[in-house]
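Numbering (full-length UniProt numbering), first residue to last: 1 to 276.
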């Protein structure tokens with residue numbers, strides 16, 4: 001039976017499965033929405049990935065990821081822009097709802113986070129015409145402040161939405177609960193995102209206490225402290241009724257379990273912990 005409203009980000013079982021295997025497993029559990037990573041697509045080839053998606057009637061809630069705009073020099077800057085244009089083309093070929101942007105942090109030995117944030121804004125502006133021509137929405141994913149230096153210097157939903165206001169209607173946000181649950185202004189900013197019609201994706205997992213690794217110790221829904229139902233209510237009230245996309249990096253737990261068990265648990269926890 002098809003599971004409505006649930007998407008699996010394929011990073012959740014990336015250590016156990018390749019692209020085709022992961023798709024087969026999702027279909028076995030009634031899941032027809034996925035979000036692959038570009039390296040997973042590259043391993044099978046874009047043409048084969050497109051064939052798998054189309055032949056199985058799959059829908060991509062997003063492609064991960066574009067971004068990482070800041071660079072130390074002009075040559076690096078141009079390489080980053082070119083890579084984002086390729087990512088846009090890949091997302092369009094796969095029929096993704098959006099290209100998720102993990103925007104990048106401080107380049108090289110820089111300590112100028114303001115300059116890095118300007119490069120992010122300038123970079124998105126530079127590739128936006130290509131995205132619009134391809135019909136591909138760009139979703140800025142604000143990351144938890146612990147990633148400000150190395151992964152994303154956009155760290156609050158408010159900051160991401162400020163950028164969206166400057167960059168046009170084709171640029172919105174991916175709201176990942178792992179990164180924003182702590183924000184005291186979250187309710188207001190989700191409402192603002194809804195008014196702007198800029199919620200393009202909703203990612204779910206849980207925040208464990210303690211968290212043993214800031215990148216690869218995300219929790220399965222229900223195992224941590226995030227009010228998943230409460231945040232989903234805010235998001236639905238703001239007008240976004242799209243799928244909830246499970247994205248779990250878990251080097252010492254879920255990546256070590258059988259993939260079938262992981263997906264079955266995602267389905268069970270989606271029903272018990274995540275529906276508003």
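Quick reminder that beta carbons are idealized off the backbone N, C-alpha and C, glycines included.
CB of residue i within 7 angstroms of CB of residue j, strictly
i: residue 34; j: residue 10; result: yes
i: residue 138; j: residue 94; result: no
i: residue 191; j: residue 134; result: no
i: residue 66; j: residue 87; result: yes
i: residue 203; j: residue 185; result: no
i: residue 140; j: residue 205; result: no
i: residue 273; j: residue 222; result: yes
i: residue 234; j: residue 201; result: no
i: residue 99; j: residue 63; result: yes
i: residue 47; j: residue 41; result: no
i: residue 267; j: residue 12; result: no
i: residue 15; j: residue 255; result: yes
i: residue 207; j: residue 231; result: no
Close Cβ partners of residue i (< 6 angstroms) along its chain, the five nearest in sequence each way excluded
i: residue 71; result: 77, 80, 107
i: residue 229; result: 276
i: residue 198; result: 164, 172, 173
i: residue 189; result: 157, 158
i: residue 8; result: 26, 31, 34, 246
From the options, residue whose alpha carbon lies closest to that of residue i
i: residue 157; options: 167, 169, 179; result: 179
i: residue 253; options: 220, 264, 199; result: 220
i: residue 195; options: 227, 18, 210, 161; result: 161
i: residue 125; options: 262, 36, 85; result: 85
i: residue 148; options: 167, 114, 166; result: 114
i: residue 167; options: 155, 120, 151, 208; result: 120
i: residue 150; options: 257, 240, 68; result: 68
Exposed unless 16 or more other CB atoms sit within 10 angstroms - verdict on residue i
i: residue 243; result: buried
i: residue 182; result: exposed
i: residue 143; result: buried
i: residue 75; result: exposed
i: residue 210; result: exposed
i: residue 279; result: The structure shown does not extend to residue 279, since the chain spans only 1 to 276, so no value can be given for it.
i: residue 155; result: buried
Residues of its chain near residue i, where Cβ-Cβ distance is below 7 angstroms and the 5 sequence neighbours each way are ignored
i: residue 170; result: 128, 131, 132, 137, 138
i: residue 250; result: 216, 217, 218
i: residue 2; result: 30, 32
Cβ-based neighbour list, residue i, same chain, cut-off 8 angstroms, excluding 5 preceding and 5 following
i: residue 116; result: 70, 104, 105, 106, 107, 110, 153
i: residue 293; result: Coverage of the chain is limited to positions 1 through 276, which leaves residue 293 absent and any answer about it impossible.
i: residue 17; result: 10, 25, 259
i: residue 52; result: 19, 20, 23, 44, 58
i: residue 38; result: 63, 64, 65, 87, 90
i: residue 269; result: 220, 221, 222
i: residue 112; result: 106
Counting pairs of Cβ atoms below 8 angstroms between the stretch 23–38 and the stretch 46–65, do you hit three or more?
-> Yes, since at least three Cβ pairs between the stretch 23–38 and the stretch 46–65 fall closer than 8 angstroms, the two stretches touch.
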